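Peer 1: Keeping their order, the protein sequence lines are chains A and B.
The numbering of the first sequence is numbering that gives the first Met the number 0, which starts it at 0 and goes up by one.
The numbering of the second sequence is numbering that gives the first Met the number 0, which starts it at 0 and goes up by one.
Protein chains: 2
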Amino acid sequence: MGVSRRDLLRGAGGLVLGFGMGGIAGLTNGMAAEPQTGAALLPWPYKKLDVDAVAERGYEGYYKGACCYGAFEGIVGELRKAVGGPYSTFPTEMMVFGEGGVAGISTLCGSLNGAAMTIFLTTGGAEKGGKEKAFALIRELFNWYEQEQLPDYTPRNPRFQIVRSVSRSPLCHVSVTNWCKASKVKSFSKERAERCAWITASVARHTAQLLNDNAAGIFKAAHAIPASEQTCRGCHDQGGVLENTRGMMDCGGCHFTPKTRHPKV
Amino acid sequence: MGVSRRDLLRGAGGLVLGFGMGGIAGLTNGMAAEPQTGAALLPWPYKKLDVDAVAERGYEGYYKGACCYGAFEGIVGELRKAVGGPYSTFPTEMMVFGEGGVAGISTLCGSLNGAAMTIFLTTGGAEKGGKEKAFALIRELFNWYEQEQLPDYTPRNPRFQIVRSVSRSPLCHVSVTNWCKASKVKSFSKERAERCAWITASVARHTAQLLNDNAAGIFKAAHAIPASEQTCRGCHDQGGVLENTRGMMDCGGCHFTPKTRHPKV
């Protein structure tokens, strides 16, 4: 199409029409006009952040609203100070939903969920091509989380000292279990909560570093998908002979430990 | 504390101070005041929704911004029409982040991620006790998704006809794999995309039903955690002899298929 979304935005005298052609197509198809979002279009403006300030805000945020809130507020709270504008309109309280892998269900680590949203908010967009940069940053963050010894940030006023572990998974319950094994500490202890506060701080800090690098034009992915996972994907992912799944998680984090082998191929 | 958050809000002449005592404690500790969020406090006002209208908006939303956007916009788009107000300020475009289990990484099903956020936005809150109702609704949604034959909603103008399957997991790649097995269709086909559009519509629709029931005071959880999972949790979750994990996912969806047995206990 010859008219960009931003041209339409300007033509509408500041009224944001929402992304895509849905609203406009609706009008040309004779459907009733309806209220469109008045939110600022993505990406929202970004300013280089102090990564340690982000980490400390993430750590404190964990004890106010848990992991997802802490990671999101770590970044967005600092952007509210540095940029203001749209960041002051966001209901960050909503991020409490992601606690313990969403409402304690222990699916996706809440700090990753919250951090991924800050990445999309500051680098993404729904137009064709608008999501690719954000997705590359999110994938790097998730691979880093799976592969590194974490937490890698010590808060200024810690409640306990925390052992590091490798999660091999972006999932809450796997990450927690691997840390419990490494630390010999129980999963509902105050020490485990503190570990997740450090993880929240570490994830928020690393996300801010990725966003700073991206803003400076020097972002480069440093964590590739493991070779073992590429082997799995060779048969099971897009273009493989089976093509019966999708994903970029470390398959071996859950499937086929030494005790449980892959069927013969 | 004797002064509620809403009292503080009113006392501040409309300025939202953010939740918890962080901002206030900061002030009394002599830290500099800083910009607080100006977003409306949770829960945001809810009006009974037409569940089929939500489903159709979710289906169309999938083809604009994928699963997480579709489910979120299915609900929030209808609330923008019915309620307006704060819903018109939310940057729904951000929800594109959750595509394919977040940036295609295939962790948490994007439609569940988006739907969980709409539940928290309309029924949750960060104050003590404010999250329990929202978490109960989210857990019911996730259990329903794991246990039911889905998708259970057929869009008005479908691109293909879609076979149903049981996911046994809230994770994107598990849900996709189980559908690929049931349908004998590949994971990167147009039919699989259409299946995920139907899933998005089904999840958005069921979420609207749960929210309608909650608003009418008749919500009751209909899907319990499976007995097999309760057995696992007896040793591994809070209070168990091992207490080395946490969660409310169906353990057997991934662990200990007939080929891979639990170690002797």
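Positions of the beta carbon are idealized from the N, C-alpha and C atoms, including for glycine.
Just so we're clear, the structure is a prediction, and the values are computed from it rather than from any experiment.
(1) Mind listing the chain B neighbours of arginine 163/A? Cutoff is C-beta to C-beta under 8 Å, in chain order.
(2) Can you pull the chain E neighbours of valine 175/B, defined as C-beta to C-beta under 7 Å?
(3) Which residues bound the alpha helix (DSSP H) around arginine 260/B?
(4) Please list the terminal residues of the continuous alpha helix (DSSP H) segment that includes tyrosine 68/A.
(5) So, using beta-carbon positions, are alanine 203/B and glycine 99/B closer together than 9 Å?
(6) Can you tell me the Cα-Cα spacing of histidine 205/B and methionine 94/B, whole angstroms?
(7) Compare the C-beta of aspartate 236/A against all C-beta atoms of chain B and say whether one is closer than 9 Å.
(8) Within the 9 Å Cβ cut-off, does glutamate 147/A reach chain B?
(9) Could you give the DSSP three-state label for serine 164/B: helix, strand or coil?
(10) If you follow the alpha helix (DSSP H) that threonine 122/A is in, where does it begin and where does it stop?
(11) Would you call the CB atoms of alanine 102/A and alanine 81/B closer than 9 Å?
(12) Just how far apart, CA to CA, sit threonine 176/A and alanine 226/A?
(13) Taking the Cβ atom as the reference point for each residue, do glycine 129/A and leucine 41/A lie within a distance shorter than 9 Å?
(14) Is it true that the stretch 60-79 of chain A meets the stretch 110-127 of chain A, where meeting means three or more beta-carbon pairs spaced less than 8 Å apart?
(15) I need the straight-line Cα distance from lysine 47/A to glutamate 55/A, nearest angstrom please.
(16) What number of angstroms, rounded off, separates the C-alpha of leucine 149/A from the C-alpha of serine 201/A?
(17) On the CB-based measure, 16 or more other CB atoms within 10 Å of its CB, does histidine 172/B come out buried or exposed?
(18) Determine the direct distance from the alpha carbon of glycine 84/B to that of alanine 125/A, and round the result to whole angstroms.
(19) Give the range of the alpha helix (DSSP H) segment to which glycine 233/B is assigned.
(20) Can you list the residues of chain B that alanine 70/A reaches, using a CB-CB cut of under 8 Å?
(21) Look at the Cβ atom of histidine 222/B, then the Cβ atom of glutamate 145/B, and state whether they are nearer than 9 Å.
(22) Residues in its own chain within less than 7 Å of asparagine 243/B by CB, not counting five upstream and five downstream?
(23) Let me know the secondary structure DSSP gives leucine 40/B once reduced to three states.
(24) Just to confirm, are threonine 283/A and threonine 88/B a CB contact at a threshold of 9 Å?
(25) Label threonine 106/B either buried or exposed according to how many other C-beta atoms from any shown protein chain fall within 10 Å of its C-beta, with 16 as the threshold for buried.
(26) From which residue to which residue does the alpha helix (DSSP H) around alanine 221/A run?
(27) At the level of alpha carbons, what is the spacing between lysine 219/B and glutamate 139/A?
(28) 9 Å is my cut-off, CB to CB: does glycine 251/A come that close to chain B?
(29) Tell me the DSSP bridge mates of leucine 170/A?
(30) Taking 9 Å as the threshold (C-beta atoms), are glycine 76/B and glycine 97/B in contact?
(31) Quick one: does the C-beta of threonine 153/B sit closer than 8 Å to a heavy atom of the ligand NAP?
(32) Select from the stretch 133-144 of chain B all residues with a C-beta closer than 8 Å to any C-beta belonging to chain A, and list them in chain order.
(33) Give me the Cα-Cα distance between aspartate 265/A and threonine 91/B, rounded to the nearest whole angstrom.
Peer 2: According to the data block:
(1) The residue labelled residue 163/A in the question sits at position 164 within the first sequence. Within 8 Å Cβ-Cβ: nothing; arginine 163/A doesn't reach chain B, min ~17 Å.
(2) Although the question refers to chain E, the structure presented lacks it and instead comprises the protein chains A and B.
(3) Position 261 of the second sequence holds residue 260/B. Where arginine 260/B is concerned, there is no enclosing alpha helix (DSSP H), given that its DSSP letter is neither H nor E.
(4) Against the first sequence, residue 68/A aligns to sequence position 69. Tyrosine 68/A -> alpha helix (DSSP H) spans 50-81.
(5) Start at 1 with the first residue of the second sequence, and residue 203/B comes out as number 204. Start at 1 with the first residue of the second sequence, and residue 99/B comes out as number 100. Contact flag unset, no.
(6) On the second sequence, position 206 is the one that residue 205/B refers to. On the second sequence, position 95 is the one that residue 94/B refers to. Their Cα atoms are separated by approximately 19 Å.
(7) In the first sequence, the residue the question calls residue 236/A occupies position 237. Closer than 9 Å to some Cβ of chain B, the Cβ of aspartate 236/A qualifies, so yes.
(8) Against the first sequence, residue 147/A aligns to sequence position 148. Not closer than 9 Å to any Cβ of chain B, the Cβ of glutamate 147/A fails to qualify, so no.
(9) By 1-based counting over the second sequence, the position of residue 164/B is 165. Residue state, collapsed to three classes: strand.
(10) Position 123 of the first sequence, counting from 1, holds the residue named residue 122/A. Run containing threonine 122/A: 109-122, per the alpha helix (DSSP H) assignment.
(11) For the purposes of this step, residue 102/A is identified with residue 103 of the first sequence, where counting begins at 1. For the purposes of this step, residue 81/B is identified with residue 82 of the second sequence, where counting begins at 1. Contact flag unset, no.
(12) To locate residue 176/A, count along the first sequence from 1; it is residue 177. To locate residue 226/A, count along the first sequence from 1; it is residue 227. Approximately 24 Å, taken between the alpha carbons.
(13) Locating residue 129/A in the first sequence gives position 130, counting from the first residue. Locating residue 41/A in the first sequence gives position 42, counting from the first residue. Closer than 9 Å, so yes.
(14) yes
(15) As a working note, residue 47/A is residue 48 in the first sequence. As a working note, residue 55/A is residue 56 in the first sequence. Their Cα atoms are separated by approximately 16 Å.
(16) Sequence index remark: in the first sequence, residue 149/A carries index 150 (1-based). Sequence index remark: in the first sequence, residue 201/A carries index 202 (1-based). Their backbone Cα atoms lie some 8 Å apart in a straight line.
(17) Within the second sequence, residue 172/B is the residue found at index 173, counting from 1. Classification for histidine 172/B: buried.
(18) Position 126 of the first sequence, counted from the first residue, corresponds to residue 125/A. Position 85 of the second sequence, counted from the first residue, corresponds to residue 84/B. Near 23 Å, if we compare the C-alpha coordinates of glycine 84/B and alanine 125/A.
(19) For this step, residue 233/B is matched to residue 234 along the second sequence. 226-235 is the span of the alpha helix (DSSP H), which, as asked, contains glycine 233/B.
(20) As a first step, residue 70/A must be located in the first sequence, where it is residue number 71. Here the premise fails: no neighbours, minimum Cβ distance about 13 Å.
(21) By 1-based counting over the second sequence, the position of residue 222/B is 223. By 1-based counting over the second sequence, the position of residue 145/B is 146. Contact flag set, yes.
(22) By 1-based counting over the second sequence, the position of residue 243/B is 244. Excluding sequence neighbours, asparagine 243/B sits near His235.
(23) In the second sequence, counting from the first residue as 1, residue 40/B sits at position 41. Coil.
(24) Chain A is shown only over 0 to 264; residue 283/A falls outside these bounds and no answer can be derived.
(25) Counting from 1 along the second sequence, the entry for residue 106/B is found at position 107. Buried, since its Cβ has 16 or more Cβ neighbours within 10 Å.
(26) Taking the first sequence and counting its residues from 1, the one referred to as residue 221/A is at position 222. Per DSSP, alanine 221/A belongs to no alpha helix (DSSP H) and is neither H nor E.
(27) On the second sequence, position 220 is the one that residue 219/B refers to. On the first sequence, position 140 is the one that residue 139/A refers to. Roughly 41 Å separates the two Cα atoms.
(28) Position 252 of the first sequence, counted from the first residue, corresponds to residue 251/A. Not an interface residue.
(29) Taking the first sequence and counting its residues from 1, one reaches residue 170/A at position 171. Its beta-bridge partners are Leu107/A.
(30) On the second sequence, residue 97/B is found 98 positions in, with the first residue counted as 1. On the second sequence, residue 76/B is found 77 positions in, with the first residue counted as 1. Not in contact: glycine 97/B and glycine 76/B (Cβ atoms no closer than 9 Å).
(31) Ligands are entirely absent from the displayed structure, and the ligand NAP is therefore not among its contents.
(32) Ala133, Phe134, Ile137, Arg138 and Phe141
(33) The first residue shown for chain A is 0 and the last is 264, placing residue 265/A beyond what the model contains.
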